[in-house]
Structures are given as structure tokens and as C-alpha cells.
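Chemist:
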Amino acid sequence: MNDLILNLAAALWPPRCACCDHPLSPRAPQATLPAQLQPRFCAACLTLIEPREGPRCLTCHAAQRGPLHRCGRCLVDPPAFERAYGLFDYAGPIGEALRRGKYGRDPSLIALVGLHMGAWLPAELWRDPPSVLLPAPLHPRRLAQRGYAPPRVLAEAVGRALGRPVRCGRLLRVRHTPPQAGLRAGQRRENVRGAFEARGPLPDDALIIDDVLTTGETARAMSKALRRAGVGRVRVLAAAGVD
Ligand SMILES: [Zn+2]
Ligand SMILES: [Zn+2]
């Protein structure tokens, strides 16, 4: 009876691609998997999911023109993180799933993005994994708005892939700030100044997990708070990057 209802529901409301809404073909053997593990992108969108390419700054992952391995900003004003990654293109299917998950309050879409992060982790993180993962913190007011913390969902998925624990409550957002989107570079820096604090016990080698890496000001501020509290090494992995 249950199967009949499920089949009828699947026929009436076929599952749709998490990016473009194209109906997904039913895949019976995978019906036993948890919902978040089932394929949620159509074949066309799946082919677009791959890490961002092209010459990039070896520190902050910004697109890089010219012969240098680091961008001007990182050379002149090195960040407190050793390296940051904006893994996928925010303009692609992963970015769309992130937006839908965040603004549509659908943690299963964020978990889906986390699975793709785990599948495409930068080789460096496999070779030389961090001791713990720290989700980028949301201010309690933002957490109440969203209903859940997307970076924490991403961190859980990446932590499972990497076999490393996730620690919450070590990196905190102590000041509520307007969203970085829509602010200019200087305003972004000012906006997150003093917004983060670290509380022990802290690891020696941490990987911060965030959803989007744009100018890197938030990543810089979070890393600075950790380093100031005594964390020896900080890297940052965001699901998506914006050029
Ligand atoms: Zn699609
Ligand atoms: Zn850079």
C-alpha cells in the first residue's frame, strides 16, 4: 500500500532537479537511500559541477591574471589563513542549490552541496587534512531567521568525507552584521571587523567551512580571530566562490 502511494506520488509530483527544476527520472534502486543522498541534479546540471579552474591565487583563490602565484592583496596584506578555497562556481548549479537551500530553508539542499564538496575536495586536504572542522558561525539573530546553520550542515558532510570531527561553538560570531552582499570591498572589511571570537579548547590545525567565498573579508576576519586565540594553522573551504 505504501509503495502504491509512493509510486503514485512520484508519478504525480516527480522529483525535480535542485538547480533547473527539470523532472528527474525515477531511480528505483536508490529509493532506499536517505533523501539527501539521492541524486538531486539532472544529468545536464551534474556535468556542470566541477571545481573552479583557471589560474588562481594560491592563498585566497581569487582569479589571477599575470605570472604571479599570489594576488596583489595577499602579497601586500597576507591573510591569517594559509589557504582558502571557493570550490564551485557560485553562478553554477551548486550556487543555485545553495541559494535555494538558504533562502528556501531547505537543509537537504545544503546537505546535497556538502556531499558534492566531499566528492571534490582539493587534493591538499586529503594529503594533509586538518585536525578539526569549524563551521563559519552565524549570529544567533541570523540563525533564528534562517532556522538552521548552513555552514554547519556543510561541515558535517565534509567532516564525514574527510574523517575529521566538526566542532561547533569554538568560533563564534559576537556581533550581528548586515549581509556582506551588496557592500563594497572597504565596507565589507569594516562590516566584519571584530565580529568573531574564538573560545577553547581550540585545535592546532583548523579548517573553517563556509558557504560562499567572495572577497574573502569574512574568511580573513574569522581566521584572524582563531590565530589570535592561538590556533597554529587555519585553512578555509567554502562551497562556492565568486569571481
Ligand atoms: Zn538540472
Ligand atoms: Zn590572494
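Be aware that the sequence shown starts at 1, since it is given in this note's numbering, and climbs by one per residue.
Backbone N, C-alpha and C define an ideal beta-carbon position, used for all residues, glycine too.
Report the CB separation of Leu171 from Pro137 in whole angstroms; it is logged as a contact under 8 angstroms.
Modeler: 5 angstroms
Chemist: Mapping DSSP to helix, strand and coil, what is Leu237?
Modeler: strand
Chemist: Kindly provide the ranges of any alpha helix (DSSP H) runs that are 4 or more residues long and lie completely inside the stretch 36-66, ordered along the chain.
Modeler: 43-47
Chemist: What's the gap between the Cα of Val76 and the Cα of Gly118?
Modeler: 32 angstroms
Chemist: Assuming Ala206 and Val132 form a contact by the criterion Cβ under 8 angstroms, report the distance between their Cβ atoms to the nearest whole angstrom.
Modeler: 6 angstroms
Chemist: Following the continuous beta strand (DSSP E) through Val132, name the residue where it begins and the one where it ends.
Modeler: Val132 to Pro135
Chemist: Run through the DSSP bridge pairs and tell me what Pro23 is partnered with.
Modeler: Per DSSP, the beta bridge partners of Pro23 are Arg16.
Chemist: Taking a contact to mean a Cβ-Cβ separation below 7 angstroms, would you say Arg73 touches Leu58 in this structure?
Modeler: no
Chemist: Look up Gly86 in the DSSP assignment and give the residues it is bridged to.
Modeler: DSSP, once it has assigned bridges, lists Ala238 as partnering Gly86.
Chemist: Since I believe Ala229 is in contact with Leu202 (beta carbons under 8 angstroms), could you give me their beta-carbon distance rounded to a whole number of angstroms?
Modeler: 6 angstroms
Chemist: According to the neighbour-count rule (16 or more other Cβ atoms, all chains shown, within 10 Å of its Cβ), is Thr218 buried or exposed?
Modeler: Burial call: buried.
Chemist: Round the Cβ separation of Leu121 and Ala157 to the nearest angstrom and send it over; I've been treating them as touching at under 8 angstroms.
Modeler: Actually they do not touch by this definition, with Cβ atoms about 11 angstroms apart.
Chemist: Check each candidate in Leu4, Leu112 and Met222 and name the one with the smallest Cα separation from Ala80.
Modeler: Met222
Chemist: Starting from Arg173, trace the beta strand (DSSP E) in both directions and tell me its first and last residue.
Modeler: Leu171 to Arg173
Chemist: Under the three-state reduction of DSSP, which class applies to Val231: helix, strand or coil?
Modeler: coil
Chemist: Please report the distance separating the alpha-carbon of Gly163 from that of Leu125.
Modeler: 11 angstroms
Chemist: Is the stretch 85-104 in contact with the stretch 43-60, if contact means three or more CB pairs nearer than 8 angstroms?
Modeler: yes
Chemist: Is the beta carbon of Pro93 less than 7 angstroms from the beta carbon of Cys19?
Modeler: In this structure, Pro93 sits near Cys19, with a CB-CB distance shorter than 7 angstroms.
Chemist: Compute the beta-carbon to beta-carbon distance between Glu197 and Val174, rounded to the nearest angstrom, for a pair I have assumed lies under 8 angstroms.
Modeler: 5 angstroms
Chemist: Leaving out five residues before and five after Arg152 in sequence, what residues of the same chain have Cβ atoms less than 7 angstroms from its Cβ?
Modeler: Same-chain partners within the cutoff: Pro135 and Cys168.
Chemist: Leaving out five residues before and five after His22 in sequence, what residues of the same chain have Cβ atoms less than 6 angstroms from its Cβ?
Modeler: Cys42
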